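In the numbering used here, the protein residues as written are 51 to 283.
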């Protein structure tokens, strides 16, 4: 099932944009701020967002910095394909890794089913765990996603803008396939298959998160322009 989803995503990415556009509808995601931010750390004008350094005001975990928004829930029992797209630019003088997009399920302490990390070296990578709901002590890495190889050119963090697309195909059974494209080129792909071992917690919901989330505090500005989510009809 997941292999089929990945193949479909690759075929979709290679399709002509004009043809692909006719198969999508805008999804209303109900974006809101995650746990609050420091003054001036998050601003919005229409579909344009600016994220700046803020203390992490959410509880749990080991990450100290968060300026982030989250969406309404995505039905976990219904097959669906979504496209998150935006033009992103990142400006930072320090090579601190930062998570810029996530598919979360509300867990506390482990990596979510998928987080997209913009590394200090200009590469993208995935974080993904299975959780026993025991905080940081109950995490098992999802190696299929964590081992995904970045195949694109380095994305520099000097304010240069990149057209970013994240294709997500949910299988309606708690799993999904993901493919990331930068400037029209597929650069990273992976899959989350729900755990078969009953010792691990199965997700009961999914939702999106977007912004900048990092383990350490550092100065940055990330702009996300024309951000929208589409759903395949």
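Ideal Cβ placement from N, Cα and C applies to all residues, glycine included. Remember, predicted model here, so these are calculated numbers, not experimental data.
Curious, which full-length beta strand (DSSP E) runs of at least 3 residues does the segment 129-192 contain?
Complete beta strand (DSSP E) runs here, min 3: 130-142, 148-154, 164-168, 174-177, 179-181, 189-191.
Nonlocal neighbours in the same chain, by C-beta distance under 6 Å from residue 264, ignoring five residues either side
Here residue 264 refers to the residue found at position 214 when the chain shown is read from its first residue. Annotation for residue 264: 115, 146, 148 place their beta carbon closer than 6 Å to its own, counting only its chain and skipping 5 residues before and after.
Please identify the residue among 271, 226, 183 whose C-alpha is closest to the C-alpha of residue 257.
The residue you call residue 257 lines up with position 207 of the chain shown. Distances from the CA of residue 257 to each of 271, 226, 183 were compared; the closest alpha carbon is that of 226.
If we ignore side chains and look at the alpha-carbon of each, how far apart do residue 232 and residue 189 end up?
Stepping through the chain shown from its first residue, residue 232 is reached at position 182. Stepping through the chain shown from its first residue, residue 189 is reached at position 139. Cα to Cα, residue 232 sits roughly 30 Å from residue 189.
As assigned by DSSP and simplified to three states, the class of residue 91:
For this step, residue 91 is matched to residue 41 along the chain shown. Note: residue 91 maps to coil in three-state DSSP.
Given residue 121, which residues of its chain have a CB within under 7 Å of its CB, disregarding the five upstream and five downstream residues?
Numbered from its first residue, the chain shown carries residue 121 at position 71. Only 79, 80, 81, 257, 258 meet the Cβ criterion.
Using the three-state DSSP reduction, which class does residue 281 fall into: helix, strand or coil?
Counting from 1 along the chain shown, the entry for residue 281 is found at position 231. Reduced to three states, the DSSP call for residue 281 is strand.
Boundaries (first-last residue) of the beta strand (DSSP E) holding residue 238
In the chain shown, residue 238 corresponds to position 188, counting from 1. Element bounds for residue 238: 235-242.
Closer than 6 Å by C-beta to residue 87: which residues in its own chain qualify, once you throw out the five before and the five after it? Chain order, please.
As a first step, residue 87 must be located in the chain shown, where it is residue number 37. For residue 87, where only same-chain residues beyond five positions count, the Cβ hits under 6 Å are 104, 117.
Range of the contiguous beta strand (DSSP E) that encloses residue 229
Within the chain shown, residue 229 is the residue found at index 179, counting from 1. Its beta strand (DSSP E) spans residues 226-232.
Could you tell me whether the Cβ atoms of residue 165 and residue 177 are closer together than 8 Å?
Against the chain shown, residue 165 aligns to sequence position 115. Against the chain shown, residue 177 aligns to sequence position 127. Taking the C-beta atoms as reference points, residue 177 is found nearer than 8 Å to residue 165.
Separation of residue 201 from residue 123, as counted between CA atoms
Translated into positions along the chain shown, residue 123 becomes position 73. Translated into positions along the chain shown, residue 201 becomes position 151. Each residue's Cα considered, the two are about 31 Å apart.
Report yes or no: do three or more beta-carbon pairs, one from the segment 89-105 and one from the segment 167-181, lie closer than 8 Å?
The segment 89-105, when compared against the segment 167-181, does not touch it at the 8 Å Cβ threshold.
How long is the line joining the alpha carbons of residue 213 and residue 135, rounded to whole angstroms?
Here residue 213 refers to the residue found at position 163 of the chain shown. Here residue 135 refers to the residue found at position 85 of the chain shown. In this model, residue 213 and residue 135 are separated by some 7 Å (Cα to Cα).
Going straight from the alpha carbon of residue 128 to that of residue 223, what length do you get?
Working through the chain shown from its first residue, we reach residue 128 at position 78. Working through the chain shown from its first residue, we reach residue 223 at position 173. Rounded to whole angstroms, residue 128 and residue 223 show a C-alpha spacing of 8 Å.
Per the DSSP calculation, residue 211 is bridged to which residue(s)?
In the chain shown, counting from the first residue as 1, residue 211 sits at position 161. Per DSSP, 139.
Short CB-CB distance (under 8 Å) between residue 227 and chain D
The structure shown contains no chain D; it is built from a single protein chain.
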